[in-house]
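Data block below; observations after.
Residue numbers (our numbering), protein chains in the order written: chain A, 1 to 517; chain B, 518 to 641.
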């Protein structure tokens, strides 16, 4: 049923139309009565005037229909007395009026009652229809949200999920345009997904939008809250101009938050003259939360893949470095020594002092080769760590460092092997960085543990300004610590020294992969 | 070949990135009757030295730090001035599959087998 269809029981034409209709009806009735001037009795003419009264009672309000009744009575008398004085009224006329007026009045009242009941019923029907419509819209929204959530749970690529979200949002909110932008810097955002009705001007995905002017994208960016503009008339800025070019009037945007940070905004726009409904923000926010989850999942997955790749690459690089060290170092030295021995063998010098010096040279070379092999083995895995645990290994590290190191270790004699190794390399890398980059005069190493976690802190008094980036070697440490469920934090203010803090859990879950020795 | 008639006439340049090895090999080969006329430690250095001294043979280490001895041998054979020099690849590996690593397999001598006689046997 179409509630907008005209229904005479509930919709009333304007009063002046009623006045015209009533006047017309009475004039027509007077004309009919004049035609029927004969035969008598005259009193039956009054019936003719009931016609207009009934129509007015059915179609207009009480006052207009009562007015028609009175006007009809006057018209009847006027015709009947033919313009003569009112005192010429006969008893039969008075009787006619006495019958006509109550019946017409009753018709007025009944018509009025009928109309007001029909109006009530229509109103109730409208309320019920609106409620049904609202329930259907909510069901549509829930369905759309569920479809998006399912896509996210299935691990679809963010690009798929986001373009799907734009389509769902446009369908659910009945808007022409729906889009998702990602904030890049303080001044720009990039369109990463969009739904546009076919046949309209569109903005292609990947377009960079400047944030300088009056538009909801800039408003969400600056407030971090939902924003709406009911019109872009007199709005300034390139993005507002773009919105106008697209033929859009009203826009609503809500923030998309990923891991607590403002990531982007979900925007809808419509071309109609009306503002977007008041619940648009709430509905968009539901979708924005799902988008945030999808993006956070994708970030986590990408980070996991990247850290796996880094761990594998780091292991490969380490093997390559060991191969090169062995080949260029110890093996080359041994080959050289072999050549020296063969040289001696082919021609032993007459002078015993010369012979002695050359044999001593070969002996020194052999000792150096042995030292190199020992250092190399230590680099592969420090024997002191596997034999003595963290405390002696870290003290040994401190002694080997080229700058003064204070080492305080307060941990149980043995910890899970993976934790010991990670702790050892964390301190080793931090000391290497302090010696190489920090220009520090002293480094303090503190390691302590409680029942659940190990905490390492390496602080220097150097120049600061270090970062957890690829070049520092700290990224590999972060991967190693993260693989054990731990966290690495770096605080390094220029001029205030560098402090590296690593925390690793010691509970049973992390004991996986350790040999327990 | 003409230089087989006079052992003293075999002139050699050694190219290797390890200075200790260069010294030991020079001593060994001189004692074995090879005239080591120069040494070099990189590809460009080796190319210049060989071009300048025009030796009979060039002993080229496969591993020249980050550079490759194969590249130097290829450049020596493609230069008109050095194409006549006989290149011999050397390595700390004793069983390097040289034929699998280059199109025009030069001669190969493991460093541990290095001696004047070994070189003469190789080019005979």
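Here a beta-carbon is modelled for each residue, glycine too, at the ideal position from N, C-alpha and C.
Alpha carbon of residue 213 of chain A to alpha carbon of residue 239 of chain A, nearest angstrom
7 Å
Alpha carbon of residue 414 of chain A to alpha carbon of residue 390 of chain A, nearest angstrom
7 Å
Do three or more CB pairs link the stretch 547-559 of chain B to the stretch 528-539 of chain B at distances below 8 Å?
yes
Just tell me which of A:346, A:437 and A:457 has its CA closest to the CA of residue 634 of chain B.
A:346
What residue from A:265, A:96, A:250 and A:262 has the CA that sits closest to residue 587 of chain A's CA?
Outside the modelled stretch of chain A, which goes from 1 to 517, sits residue 587 of chain A, for which no answer is possible.
Taking 9 Å as the CB-CB cut-off, is residue 342 of chain A touching chain E?
No chain E appears in this structure, whose protein chains are A and B.
Just to confirm, is the Cβ distance from residue 193 of chain A to residue 166 of chain A under 9 Å?
yes
Along chain A, in chain order, which residues have C-beta atoms closer than 7 Å to that of residue 558 of chain B?
Chain A residues near residue 558 of chain B: none, gap ~13 Å exceeds 7 Å.
Between the CA atoms of residue 291 of chain A and residue 159 of chain A - distance to the nearest angstrom:
11 Å
Rounded straight-line distance, which links the Cα of residue 137 of chain A to that of residue 26 of chain A:
51 Å
Tell me, please, whether the stretch 440-449 of chain A touches the stretch 401-419 of chain A by the rule of three or more beta-carbon pairs shorter than 8 Å.
yes
How would you call residue 628 of chain B, buried or exposed, if buried means at least 16 neighbouring beta carbons within 10 angstroms?
buried
Around the Cβ of residue 80 of chain A, are there at least 16 other Cβ atoms within 10 angstroms (buried) or fewer (exposed)?
buried
Quick check: the Cα distance between residue 179 of chain A and residue 171 of chain A, rounded to an integer number of angstroms?
12 Å
Does chain B have any CB closer than 9 Å to the CB of residue 266 of chain A?
no
Scan the stretch 320-376 of chain A and note each continuous alpha helix (DSSP H) run of 4 residues or more that stays entirely inside, going in chain order.
332-346
Which residue or residues does DSSP assign as beta-bridge partners of residue 608 of chain B?
B:627
Output, in chain order, the set of chain A residues within a Cβ distance shorter than 8 Å of residue 548 of chain B.
343, 346 and 347
When we look at the beta-carbon of residue 565 of chain B and count the other beta-carbons within 10 Å, is it buried (16 or more) or exposed?
exposed
Find the residues of chain A that neighbour residue 596 of chain B, judging by a C-beta separation of less than 8 Å, and give them in chain order.
Within chain A, no residue comes near residue 596 of chain B; the closest Cβ sits about 28 Å away, beyond 8 Å.
Do residue 175 of chain A and residue 243 of chain A have their beta-carbon atoms positioned less than 9 Å apart in this structure?
no
For residue 2 of chain A, count the other beta carbons within 10 Å of its own beta carbon; 16 or more makes it buried, fewer makes it exposed. Which is it?
Because the pLDDT of residue 2 of chain A is 48, which lies under 50, any placement of that residue in the model is unreliable, and the number read from its coordinates should be weighed accordingly. Exposed, because fewer than 16 other Cβ atoms sit within 10 Å of the Cβ of residue 2 of chain A.
Within this structure, are the beta carbons of residue 500 of chain A and residue 474 of chain A separated by less than 9 Å?
yes
Bridge partners of residue 183 of chain A, per DSSP?
A:189
Using a beta-carbon distance cut-off of less than 8 Å, what residues from the stretch 626-640 of chain B approach chain A?
628, 629, 631 and 632
Counting only Cβ pairs nearer than 7 Å, list the residues of chain A close to residue 542 of chain B.
339
Are residue 343 of chain A and residue 638 of chain B close, meaning C-beta to C-beta below 9 Å?
no
Inter-residue CB distance, residue 532 of chain B and residue 589 of chain B (contact presumed, cutoff 8 Å)
6 Å
Please list the partners that residue 333 of chain A has in chain B, where partner means a Cβ-to-Cβ separation under 9 Å.
535, 537 and 538
Would you mind working out which of A:181, A:410, A:321 and A:361 sits nearest residue 377 of chain A, comparing C-alpha positions?
A:321
For residue 326 of chain A versus residue 366 of chain A, is the C-beta distance shorter than 9 Å?
no
Report buried or exposed for residue 115 of chain A, applying the criterion of at least 16 other Cβ atoms within 10 angstroms of its Cβ.
buried
Could you tell me if residue 516 of chain A is buried or exposed, where buried requires 16 or more neighbouring beta carbons within 10 angstroms of its beta carbon?
Summary for residue 516 of chain A: the model assigns pLDDT 41, below 50, so the residue's position carries little reliability; its value from the coordinates is reported in the next sentence. The residue is exposed, with fewer than 16 neighbouring Cβ atoms inside 10 Å.
For residue 434 of chain A versus residue 460 of chain A, is the C-beta spacing smaller than 9 Å?
yes
Quickly, what does DSSP pair residue 581 of chain B with across the bridge? List them, please.
B:584
Is there a C-beta anywhere in chain B that falls below 9 Å from the one on residue 408 of chain A?
no
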